[in-house]
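Comments concern the structure below.
Number of protein chains: 2
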Amino acid sequence: MGCKIEEFQQEQKKRMRAVQDSMDTLNGKWKISIISSICCYKKRRFSDILNDIEGISNRMLSKELKELEINKLVKRTVLDTQPITVQYELTEHGDTLQTIISNLTDWGILHRNKIVGK
Amino acid sequence: MGCKIEEFQQEQKKRMRAVQDSMDTLNGKWKISIISSICCYKKRRFSDILNDIEGISNRMLSKELKELEINKLVKRTVLDTQPITVQYELTEHGDTLQTIISNLTDWGILHRNKIVGK
DNA sequence: AATAACAGTAACATAGAGGTAACCAAGTAA
DNA sequence: TTACTTGGTTACCTCTATGTTACTGTTATT
């Protein structure tokens, strides 16, 4: 039968795994920029995002978008236009990231002040 | 003179940089585990952390601790014992991470349920 | 005299993240 | 006819993060 300490350690392991899950989904040099770009305009085409984010290549954008789609954060829609355009938008689940991103923003500012020394 | 759109874009860039600052300080395969270990016991020695985290090597622990120290999240104290022991604890600044880690935990659980499908 | 604990460091190896450049197919404007 | 736009894919290369193993110096224990 599990004693209190074992239970606590199990809980702790679960929490660690959860944090790592979050970090993994947000990781990749461009993910947060991409999410922000889409979020900012609600709906955004591939080439628009490519222009929004300076420095990103089409290869990386394609790759990161795929991962975001797999993680159900972003929805991809092919529009029947000429030439074909593809629209990306956040899913409901993607929207739930906003609190986290907002917290990361706040802490990042705090941290920079602390390190650089205002 | 900057128009509204330019100002907005500048703000957006700052926010992006802030998020990346946060992600960068938390990145590294073991950082969050290390922070959690120290946080859990308030004060923790090198070899204790090494035992707390399964899979980490002394090389990586040393390296990650250094980065955490540079980022003023962790304080290192050499104790005058035999043999010498080194104590690590969170700084006040390190403590401010708790909200973020807690948010990342919550979202990670939510996300896993969404992806695995409960 | 040999071994172990402590807190690391040094040397080397490898997988994977990310960068660069070229290419594809379909349609369209010059 | 040529070149451009759109949304990618493919091949190749490099660099960094991490892993593995062995080693350091000091003191205490056996």
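Residue numbers (my numbering), protein chains in the order written: chain F, 185 to 302; chain U, 185 to 302. We put the beta carbon where it would ideally sit given N, CA and C, even for glycine.
CA-CA distance, residue i and residue j?
i: G278 of chain U; j: N235 of chain F; result: 37 Å
i: E190 of chain F; j: N211 of chain U; result: 28 Å
i: I284 of chain U; j: T265 of chain F; result: 43 Å
i: A202 of chain U; j: V262 of chain U; result: 33 Å
i: Y225 of chain U; j: V270 of chain U; result: 14 Å
i: E253 of chain F; j: I268 of chain U; result: 51 Å
i: V300 of chain F; j: C187 of chain F; result: 46 Å
i: F316 of chain U; j: Q204 of chain U; result: Residue 316 of chain U cannot be examined here, being either before or after the span of chain U that is shown, 185 to 302.
i: M244 of chain F; j: R228 of chain U; result: 41 Å
i: E273 of chain U; j: K259 of chain U; result: 5 Å
i: H295 of chain U; j: S206 of chain F; result: 8 Å
i: G213 of chain U; j: Q194 of chain F; result: The sequence shown places Lys at residue 213 of chain U, not Gly. Taking the straight line from one Cα to the other gives about 20 Å.
i: E276 of chain U; j: N242 of chain F; result: 42 Å
i: S286 of chain F; j: S246 of chain F; result: 25 Å
Provide the residue(s) that pair with residue i in DSSP beta bridges, ordered along the chain.
i: L274 of chain U; result: U:V258
i: L263 of chain U; result: U:T269
i: K298 of chain U; result: DSSP output for K298 of chain U lists no bridge partner at all.
i: K227 of chain F; result: F:E273
Original post:
Do the segment 277-297 of chain F and the segment 235-249 of chain F make contact, defined as three or more Cβ pairs closer than 8 Å?
Top reply: no
**OP:** Starting from the N-terminal side, write out each stretch of the alpha helix (DSSP H) that is 4 residues or longer and does not extend beyond the segment 198-225 of chain F.
**Re:** 215-225
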